[in-house]
Amino acid sequence: NAGVTQTPKFQVLKTGQSMTLQCAQDMNHEYMSWYRQDPGMGLRLIHYSVGAGITDQGEVPNGYNVSRSTTEDFPLRLLSAAPSQTSVYFCASGGSRSTGELFFGEGSRLTVL
Amino acid sequence: GQNIDQPTEMTATEGAIVQINCTYQTSGFNGLFWYQQHAGEAPTFLSYNVLDGLEEKGRFSSFLSRSKGYSYLLLKELQMKDSASYLCAAQTGANNLFFGTGTRLTVIP
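Note that the protein sequences, when read in sequence, are chains A and B.
When we follow this note's numbering, the leftmost residue of the first sequence carries the number 150, and every step to the right adds one.
When we follow this note's numbering, the leftmost residue of the second sequence carries the number 14, and every step to the right adds one.
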């Protein structure tokens with residue numbers, strides 16, 4: 150059981166470039182989300198989705214786009230990368246009816262020069 | 014606004030007991046999660062409290078007081094592998110989690 154799979158694990162971009170972080174889950178979870186983690190800041194919610202075709206903004210959505218065309222996939226797009234977007238990004242999915250526990254991917258470390 | 018406070022760092026001795034406190038102020042509170050995160054790895058689920066009281070799971074226990082906006086994570090019989098960051102998170106809506114900055118625990122021999 151693969152769980153939550155993120156790609157790439159590492160990426161270096163130049164300011165202004167665009168890229169997509171991929172996230173896929175095989176647990177048939179309705180809920181998926183993207184967080185970023187910065188030193189001293191904790192995990193902050195960027196965007197989330199409660200099902201295919203439904204997305205919403207989290208705490209820090211500016212500079213990021215998402216879409217949810219299937220239950221399995223939830224890509225995060227950086228349209229014009231900025232140094233402030235240097236961070237570790239985590240995709241998470243959830244669906245346990247008893248706890249709402251989130252399952253996290255291994256993370257994607259992004260550096261914007 | 015939303016806020017979660019937890020100590021930045023703690024040190025404890027192998028075999029001992031340590032308590033990590035967390036206070037929270039959030040809107041739409043559904044429950045309180047604790048996650049463990051080793052350096053360079055993803056967070057992993059430890060516990061979830063939705064009702065007041067103590068939840069015990071092996072060497073780990075978690076307590077919640079909704080009226081006080083307070084939780085703690087209790088780790089017993091500490092092992093070296095317990096050295097990690099412990100993240101307190103409030104579930105605020107859907108499955109959204111609002112995280113504290115984490116407590117870095119160092120277990121020493």
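Backbone N, C-alpha and C define an ideal beta-carbon position, used for all residues, glycine too.
In the three-state reduction of the DSSP assignment, Lys94(B) falls in the helix class. Comparing C-alpha distances from Thr105(B) to each of Thr220(A), Arg226(A), Leu194(A), Pro188(A) shows the shortest one belongs to Leu194(A). Identification of chain B residues near Leu262(A) by a Cβ-Cβ cut-off of 7 angstroms yields none; the smallest Cβ-Cβ distance measures about 21 angstroms. Contact annotation: in the segment 109-120 of chain B, residues whose CB is within less than 8 angstroms of a CB in chain A are Asn109, Leu110, Phe111, Phe112, Gly113, Thr114, Gly115. Judged by pairs of C-beta atoms under 8 angstroms, the segment 196-213 of chain A does not touch the segment 24-34 of chain B, as fewer than three such pairs exist. In the structure shown, Ser233(A) falls within a helical segment according to DSSP collapsed to helix, strand and coil.
Against Tyr180(A), the close residues of chain B are Ala107, Asn108, in the order they occur along the chain (beta-carbon pairs closer than 7 angstroms).
What Phe73(B) touches in chain A, judged by beta-carbon distance under 8 angstroms, is nothing: the nearest beta carbon there is about 15 angstroms away. For Gln186(A), the enclosing beta strand (DSSP E) covers residues 180-187.
The Cβ of Phe58(B) sits closer than 8 angstroms to at least one Cβ of chain A. In the structure shown, the three-state DSSP call for His196(A) is strand. When 8 angstroms is used as the limit between beta carbons, Ala55(B) is near these residues of chain A: Phe239, Phe253, Gly254, Glu255, Gly256, in chain order.
Selection Gly53(B), Thr36(B), Thr57(B), Tyr61(B) evaluated against Asn43(B) yields Tyr61(B) as nearest (Cα-Cα). The beta-carbon of Met190(A) is placed less than 8 angstroms from the nearest beta-carbon of chain B. Bounds of any beta strand (DSSP E) do not take in Ile30(B), whose DSSP letter is neither H nor E.
Proximity to Thr169(A) across Tyr197(A), Met181(A), Tyr213(A) peaks at Tyr213(A), based on C-alpha coordinates.
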